[in-house]
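Here the structure comes first, spelled out in structure tokens, and everything after it is commentary.
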Amino acid sequence: MAEAISFLEPRADVLARRSTIVADLADLLAPECLIHEARELVPFETDAFVSYRRVPLAVALPRSTAEVAAVMKYCHRYGIPVVPRGAGTSLSGGAIPQEDAVVLGLSKMNRILDIDYPNRTATVQAGVTNLNVSENVSADGFFYAPDPSSQLACTIGGNIGMNSGGAHCLKYGVTTNNLLGVKLVLTDGTIVDLGGKALDAAGYDLLGLVCGSEGQLGIVTEATVRLIAKPEGARPVLFGFDTSEDAGACVADVIAAGIVPVAIEFMDKPAIEICEAFAKAGYPLDVGALLIVEVEGSEAEMDDMLASIVTIARTHGVKTVRECQSATEAALIWKGRKSAFGATGRIADYICMDGTVPLSQLSYVLKKTAEIVDGYGLRVANVFHAGDGNMHPLILFNANDPEDAAKAEAAGNDILRLCVDAGGCLTGEHGVGIEKRDLMRHQYAKVDLDQMMAVRSAFDPGWILNPSKVFPLDGRSAA
Ligand SMILES: Cc1cc2nc3c(=O)[nH]c(=O)nc-3n(C[C@H](O)[C@H](O)[C@H](O)COP(=O)(O)OP(=O)(O)OC[C@H]3O[C@@H](n4cnc5c(N)ncnc54)[C@H](O)[C@@H]3O)c2cc1C
4 MAEAISFLEP
14 RADVLARRST
24 IVADLADLLA
34 PECLIHEARE
44 LVPFETDAFV
54 SYRRVPLAVA
64 LPRSTAEVAA
74 VMKYCHRYGI
84 PVVPRGAGTS
94 LSGGAIPQED
104 AVVLGLSKMN
114 RILDIDYPNR
124 TATVQAGVTN
134 LNVSENVSAD
144 GFFYAPDPSS
154 QLACTIGGNI
164 GMNSGGAHCL
174 KYGVTTNNLL
184 GVKLVLTDGT
194 IVDLGGKALD
204 AAGYDLLGLV
214 CGSEGQLGIV
224 TEATVRLIAK
234 PEGARPVLFG
244 FDTSEDAGAC
254 VADVIAAGIV
264 PVAIEFMDKP
274 AIEICEAFAK
284 AGYPLDVGAL
294 LIVEVEGSEA
304 EMDDMLASIV
314 TIARTHGVKT
324 VRECQSATEA
334 ALIWKGRKSA
344 FGATGRIADY
354 ICMDGTVPLS
364 QLSYVLKKTA
374 EIVDGYGLRV
384 ANVFHAGDGN
394 MHPLILFNAN
404 DPEDAAKAEA
414 AGNDILRLCV
424 DAGGCLTGEH
434 GVGIEKRDLM
444 RHQYAKVDLD
454 QMMAVRSAFD
464 PGWILNPSKV
474 FPLDGRSAA
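Position in the sequence shown (first residue = 1) + 3 = our numbering.
See below:
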């Protein structure tokens with residue numbers, strides 16, 4: 004598998020100057036903010052896309068925007084590649100370094116700077132974890148809506164890098180819908196502010212451009228995000244179906260009817276069994292597929308919405324409808340869902356796909372996905388954000404068997420092509436990274452990719468920011 008994706012050749016001139024670069028960075032940063040010993044660099048050699056790894060040249064861990072700017076100014080001057088890094092939970096290899104790169108880690112910039120309830124905003128440093136934002140405002144009745152399953156570890160900077168989503172994004176939107184402003188350090192060290200506390204800014208939507216730019220347009224050091232008042236009540240409900248196709252068709256009909264619950268999450272039989280064994284959440288084991296539907300509001304609002312969903316589910320032969328009875332039960336239901344990837348890792352190696360399809364194609368794509376994986380002699384567990392059509396087939400394989408690993412990667416690529424061909428796209432929330440870089444040609448014509456690369460070049464003419472990611476390596480000259 005490791006041979007399948009290539010990185011840019013490390014630049015010999017940069018490698019040759021390694022000790023000088025380390026010494027120069029040591030002038031810019033406190034000793035505890037610079038890592039350069041070989042064994043201490045190991046934790047930074049990969050992210051959650053663990054199939055690939057490269058030991059970076061050095062790791063800089065600045066404590067302020069000014070220090071980030073100083074590192075960028077230096078690296079820009081000497082053409083040294085820089086790979087921004089939050090918590091390194093990227094599933095697409097977005098934070099994997101290359102040998103000639105300085106990893107710019109934001110983990111020491113982890114302070115909440117401002118909570119502004121009248122304006123419903125929080126301003127935080129980029130290294131603050133996603134969950135930390137909600138935890139800081141929960142007692143006052145607020146939360147930050149995007150909730151990736153990795154929220155305990157992943158950072159707001161990384162969420163912005165990938166435009167991350169989560170189970171509760173069906174109603175509240177993904178990161179870009181909850182982001183109001185950023186402080187951004189440009190490739191040459193210039194510091195700019197995009198957006199702010201107000202709803203919209205005049206001129207081009209550069210904030211929208213930066214959100215999801217995978218660390219290639221600048222380094223986010225601070226973010227102002229939207230805070231939302233907690234609903235009066237919330238209730239996850241389990242809907243069990245005989246088949247994945249039935250469950251998928253039910254999701255499509257719920258959304259087509261104009262009903263928007265807070266979350267509609269999907270698990271097929273293998274995923275139900277894996278998650279139940281881990282979380283003991285009480286998921287029904289006698290069904291072929293499960294939907295976790297969360298409704299919120301007053302008791303009357305929740306009852307009303309649920310009644311409409313149950314009516315639609317019945318037309319798809321729903322076998323089980325179980326309303327959760329307590330906060331403890333609700334927490335377990337979500338624990339099981341949010342631990343799905345980790346729980347799967349207990350039984351097998353896996354790669355997680357992230358294609359998104361129009362809801363009308365959900366059943367078809369689920370069926371074809373099973374056929375594709377079966378054709379390679381592998382197994383798949385599906386657990387994903389069904390309401391958004393954002394699919395996460397987890398392809399199970401044995402990482403110690405190179406042939407098995409190659410098959411898993413080929414199956415994953417076939418599934419992503421299937422999503423694109425069904426009118427969807429390569430990534431719903433995990434980003435392109437290195438994982439889907441070469442499939443970008445399947446989604447986009449050359450002229451489209453050229454336009455994107457021209458934008459990237461406008462921000463970073465030397466392509467020093469996260470250079471091996473997002474675009475096919477040999478397409479770069481087209482910019
Ligand atoms: C178990 C598990 C579950 C997950 N569940 C979800 C999920 O439900 N939804 C979802 O969307 N994702 C999910 N992910 C993927 C991952 O957690 C997200 O992509 C997350 O946003 C990455 O955050 P991070 O801090 O780890 O960033 P990293 O992995 O360190 O970096 C991610 C990208 O952002 C860039 N970047 C990081 N910080 C900055 C910065 N300050 N400025 C500019 N660029 C930056 C990096 O260069 C890289 O391209 C999951 C991952 C795991 C391991």
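Ideal placement from N, C-alpha and C gives every residue a C-beta, glycine not left out. Just so you know, these numbers come straight off a predicted model, no measurement behind them.
Contacts around residue 261, its chain only, beta-carbon distance under 6 Å, and the 5 residues preceding and following it disregarded: By one-based count along the sequence shown, residue 261 stands at place 258. Excluding residues within five positions, none has a Cβ falling inside 6 Å.
Whether residue 438 touches residue 52 by CB criterion (7 Å): For the purposes of this step, residue 438 is taken as the residue at position 435 of the sequence shown. For the purposes of this step, residue 52 is taken as the residue at position 49 of the sequence shown. A contact, by the Cβ cut-off of 7 Å.
What do you reckon, are the CB atoms on residue 238 and residue 298 nearer than 7 Å? Sequence index remark: in the sequence shown, residue 238 carries index 235 (1-based). Sequence index remark: in the sequence shown, residue 298 carries index 295 (1-based). Taking 7 Å as the Cβ cut-off, residue 238 and residue 298 qualify as a contacting pair.
What are the partner residues of residue 388, as DSSP defines its beta bridges? Working through the sequence shown from its first residue, we reach residue 388 at position 385. Answer is 268 and 393.
For residue 425, which option in 335, 25 and 368 has the closest C-alpha, if you only look at C-alpha atoms? The residue you call residue 425 lines up with position 422 of the sequence shown. Among 335, 25 and 368, the Cα nearest to that of residue 425 is on 368.
Which runs of the alpha helix (DSSP H) at least 4 residues long sit entirely within the segment 207–282? Give them in chain order. Correct list: 209–213, 247–259 and 272–282.
If you compare alpha carbons, which of 414, 61, 86 and 379 is closest to residue 467? Locating residue 467 in the sequence shown gives position 464, counting from the first residue. Closest option to residue 467, Cα to Cα, is 86.
Endpoints, alpha helix (DSSP H) assigned at residue 116: For this step, residue 116 is matched to residue 113 along the sequence shown. First-last for residue 116: 115–119, but that is the beta strand (DSSP E), not the alpha helix (DSSP H).
For ligand 1, is there a heavy atom less than 6 Å away from the beta-carbon of residue 222? The count along the sequence shown starts at 1 and reaches residue 222 at position 219. Yes, the Cβ of residue 222 comes within 6 Å of a heavy atom of ligand 1.
Count the C-beta pairs between the segment 114–121 and the segment 130–148 that are closer than 8 Å, then say yes if the count reaches three, no if not. With the cut-off at 8 Å, the segment 114–121 and the segment 130–148 touch.
Alpha carbon to alpha carbon, what distance is there between residue 194 and residue 274? In the sequence shown, the residue the question calls residue 274 occupies position 271. In the sequence shown, the residue the question calls residue 194 occupies position 191. Cα to Cα, residue 274 sits roughly 45 Å from residue 194.
Is there at least one non-hydrogen atom of ligand 1 closer than 6 Å to the beta-carbon of residue 50? Here residue 50 corresponds to residue number 47 of the sequence shown, with the count starting at 1. Yes, since a heavy atom of ligand 1 falls inside the 6 Å radius drawn around the Cβ of residue 50.
Quick check: is any heavy atom of ligand 1 less than 6 Å from the C-beta of residue 47? Working through the sequence shown from its first residue, we reach residue 47 at position 44. No; taking the cut-off as 6 Å, the Cβ of residue 47 has no heavy atom of ligand 1 nearer than that.
Is it the case that the CB of residue 112 approaches a heavy atom of ligand 1 more closely than 6 Å? Position 109 of the sequence shown holds residue 112. False, no ligand heavy atom lies under 6 Å from that Cβ.
Should residue 127 and residue 163 be called a contact, given that it needs their Cβ atoms to be closer than 7 Å? Locating residue 127 in the sequence shown gives position 124, counting from the first residue. Locating residue 163 in the sequence shown gives position 160, counting from the first residue. The answer is no: Cβ separation not under 7 Å.
Might you give, ordered along the chain, the residues of its own chain that have their beta carbon closer than 7 Å to the beta carbon of residue 66, omitting 5 neighbours on each side? Taking the first residue of the sequence shown as position 1, residue 66 is located at position 63. The residues are 36, 111 and 112.
Whole-angstrom distance between residue 384 and residue 248, CA atom to CA atom: Along the sequence shown, one-based indexing puts residue 248 at 245. Along the sequence shown, one-based indexing puts residue 384 at 381. Their Cα atoms are separated by approximately 14 Å.
Should residue 4 go down as buried or exposed, given a rule of 16 or more other Cβ atoms within 10 Å for buried? Counted from its first residue, the sequence shown places residue 4 at position 1. Residue placement at residue 4 cannot be trusted, given a pLDDT of 36 that sits under 50; what the coordinates show is reported in the next sentence. Residue 4 should be labelled buried.
Say the cut is 6 Å; is the CB of residue 88 nearer than that to a heavy atom of ligand 1? As a first step, residue 88 must be located in the sequence shown, where it is residue number 85. Yes, the beta carbon of residue 88 sits closer than 6 Å to at least one heavy atom of ligand 1.
Count the other C-beta atoms from every protein chain shown that fall within 10 angstroms of the C-beta of residue 403, then say buried if there are 16 or more, exposed otherwise. Here residue 403 corresponds to residue number 400 of the sequence shown, with the count starting at 1. With fewer than 16 other Cβ atoms inside 10 Å of its own Cβ, residue 403 counts as exposed.
Please name the residue in 358, 60, 372 and 50 whose C-alpha comes closest to that of residue 17. Sequence index remark: in the sequence shown, residue 17 carries index 14 (1-based). If we check each option's Cα against that of residue 17, 60 comes out closest.
Under 7 Å between the Cβ atoms of residue 282 and residue 342? On the sequence shown, residue 282 is found 279 positions in, with the first residue counted as 1. On the sequence shown, residue 342 is found 339 positions in, with the first residue counted as 1. With respect to the 7 Å criterion, residue 282 and residue 342 are classified as neighbours on the basis of their beta carbons.
Cutting at 8 Å between CB atoms, please list the residues of its own chain near residue 27, excluding the five before and the five after it. Residue mapping note: residue 27 aligns to position 24 of the sequence shown, counting from 1. Around residue 27, the same chain offers 77 as residues with beta carbons nearer than 8 Å, after the five sequence neighbours per side are excluded.
Pair within 7 Å by beta-carbon distance, residue 267 and residue 294: Locating residue 267 in the sequence shown gives position 264, counting from the first residue. Locating residue 294 in the sequence shown gives position 291, counting from the first residue. Closer than 7 Å, so yes.
Compare the Cα-Cα distances from residue 227 to each of 173, 179, 263 and 250 and report the closest residue. Here residue 227 is taken as the residue at index 224 of the sequence shown, counted from 1. Residue 227 has its Cα closest to that of 179, out of 173, 179, 263 and 250.
Residue range of the unbroken beta strand (DSSP E) whose run includes residue 198: To locate residue 198, count along the sequence shown from 1; it is residue 195. Taken as a continuous stretch (DSSP letters only), the beta strand (DSSP E) holding residue 198 covers 194–198.
Is there at least one non-hydrogen atom of ligand 1 closer than 6 Å to the beta-carbon of residue 161? Position 158 of the sequence shown, counted from the first residue, corresponds to residue 161. Under cutoff, so the answer is yes.
Where the alpha helix (DSSP H) containing residue 367 begins and where it ends: Position 364 of the sequence shown holds residue 367. Run containing residue 367: 365–378, per the alpha helix (DSSP H) assignment.
Looking at residue 284 and residue 336, is the spacing between their C-beta atoms short of 7 Å? By one-based count along the sequence shown, residue 336 stands at place 333. By one-based count along the sequence shown, residue 284 stands at place 281. In this structure, residue 284 lies closer than 7 Å to residue 336 by Cβ.
Just tell me which of 49, 356 and 317 has its CA closest to the CA of residue 416. Looking up residue 416 in the sequence shown gives position 413. Cα-wise, what sits closest to residue 416 is 356.
With distances taken from CA atoms, which of 11, 171, 165 and 358 is nearest residue 421? Position 418 of the sequence shown, counting from 1, holds the residue named residue 421. Cα-wise, what sits closest to residue 421 is 358.
Classify residue 88 as helix, strand or coil using the three-state DSSP reduction. Reading the sequence shown from its first residue, position 85 is the one you call residue 88. Correct three-state label for residue 88: strand.
Using the C-alpha atoms, what's the distance from residue 232 back to residue 142? Against the sequence shown, residue 142 aligns to sequence position 139. Against the sequence shown, residue 232 aligns to sequence position 229. One C-alpha to the other measures close to 11 Å.
Does any heavy atom of ligand 1 sit closer than 6 Å to the C-beta of residue 471? Residue mapping note: residue 471 aligns to position 468 of the sequence shown, counting from 1. False, no ligand heavy atom lies under 6 Å from that Cβ.
Report the three-state DSSP secondary structure of residue 355 (helix, strand or coil). Residue mapping note: residue 355 aligns to position 352 of the sequence shown, counting from 1. Residue state, collapsed to three classes: strand.
Kindly indicate the opening and closing residues of the beta strand (DSSP E) around residue 105. As a position in the sequence shown, residue 105 is number 102, starting the count at 1. Element bounds for residue 105: 105–108.
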